[in-house]
Structure formats: structure tokens, C-alpha cells
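Residue numbers (the working numbering): 536 to 739. From the three backbone atoms N, C-alpha and C, an ideal C-beta is built for every residue, glycine too. The model shown is predicted, which means the values in this text are computed figures rather than measured ones. Working notes, structure below.
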């Protein structure tokens, strides 16, 4: 049975996920410097993002520098940038499809095509969510491996930045069931994340 409330709720969640992709893409906090040594005085915190690096001094001053070249980024951030951009493009396309396929709109004159448009929108949102999940999980994987690398100096180790948490939450929203579509549920995001950490702990 058609429910305008469910349809609107699905749209709101999907758009929220798309906005989360934008925040994840622009936030310069994918990797954060971790100073663990007991004798080290933390004078600054370093943020590393897809587009710029920022350093926050103990005085509160912040300086950011845009990446001069994509080739200067670590491989995981290079891949993450490409995946997140594709995810953003898919989100824009999915929003258009979902508006056209919504039963409460008149964008499509052929009523019989609306279910197909809704399915296409849900599948596109799910694909965008999975790409985002791969991007943030890949970066998290590299951070964890470096963190437990005994050959790497403490000052070179990083921790999870807020952008990764935004990415995981957004991928969960995007892969949620949309407009009655039995697509990839949020549980898939949780499953892959758990599987990822189990694999890390096994190899550590």
C-alpha cells in the first residue's frame, strides 16, 4: 500500500546521506595526527583530508594548505578521492531519479514508469553508499596497519578523523531501504565494517 509518509521519509534519509557524502568529501579530517609518546609535548594537531592538510597550533591558530597535486597524496587517499567523487555524482543522479519516480510528483507523465524509476533511484543510492563505504574503510584499514606498525615512528602514526565517521553513517543511510525497494539494507554496511575489523585483528 502506498504511503506518502514512508516515501517522504525515504527521500529525507537518502538526501541526508547525500549531504553526508558532501561533508565527508570536504571535511579535512580523514586522518588525524596521533602523538602517543609520554615525553612528547603536543604543540600541534595535524588533519589530513582529500583536498587539504591543516595544522592546529596549541595557541588555537589553524593553517591549511591545499594539495598541489593529487599524485602527492597517499594511495588510499587518492583512491578515496576518486570513489567519493563518483559517489557524489551517483547521489545527484539518484536524487533526480527519486524525484521523478515519486508518486507524489508529476515529473513523469507515464505512471507505469514510476516504480522503475524508484528502483533505479534506490539502486543508485545503494551504489553510492557502497562506494563511500569502500573509501572510508580503505583509509581506516591503512590507519590501523600503520598504527600497529612497530617500524613506524610514533609521530608518523595517525588516528581516525571525523570524516570517516561521517562516511560510515552516510553509507548506512544511503544503503537503507528506499521507497519500498528491497535493496541493500544498512546491515550490509555493518557487516562489511565488522568483517574489515576482524580481518585487521587477525593480521595484526
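Alpha helix (DSSP H) segment containing residue i, residue limits
| i | result |
| --- | --- |
| residue 698 | 697 to 709 |
| residue 613 | 610 to 636 |
| residue 649 | 649 to 682 |
Bridge-paired residues (DSSP) for residue i
| i | result |
| --- | --- |
| residue 579 | 592 |
| residue 597 | 591 |
| residue 567 | 582 and 694 |
Distance CB(residue i)-CB(residue j) smaller than 9 Å
| i | j | result |
| --- | --- | --- |
| residue 626 | residue 553 | yes |
| residue 556 | residue 691 | no |
| residue 583 | residue 567 | yes |
| residue 656 | residue 632 | yes |
| residue 676 | residue 611 | yes |
| residue 615 | residue 659 | no |
| residue 706 | residue 671 | yes |
| residue 689 | residue 545 | no |
| residue 581 | residue 590 | yes |
8 Å contact criterion, which residue i and residue j should meet: CB distance rounded
| i | j | result |
| --- | --- | --- |
| residue 709 | residue 661 | 7 Å |
| residue 649 | residue 542 | Not quite, the Cβ-Cβ distance comes to about 11 Å (not below 8 Å), so this is no contact. |
| residue 529 | residue 629 | Here the chain covers residues 536 to 739 and nothing more, so residue 529 does not appear. |
| residue 588 | residue 609 | Residue 588 to residue 609, Cβ: 11 Å. No contact. |
| residue 696 | residue 586 | About 13 Å separates the two Cβ atoms, so there is no contact after all. |
| residue 619 | residue 560 | 5 Å |
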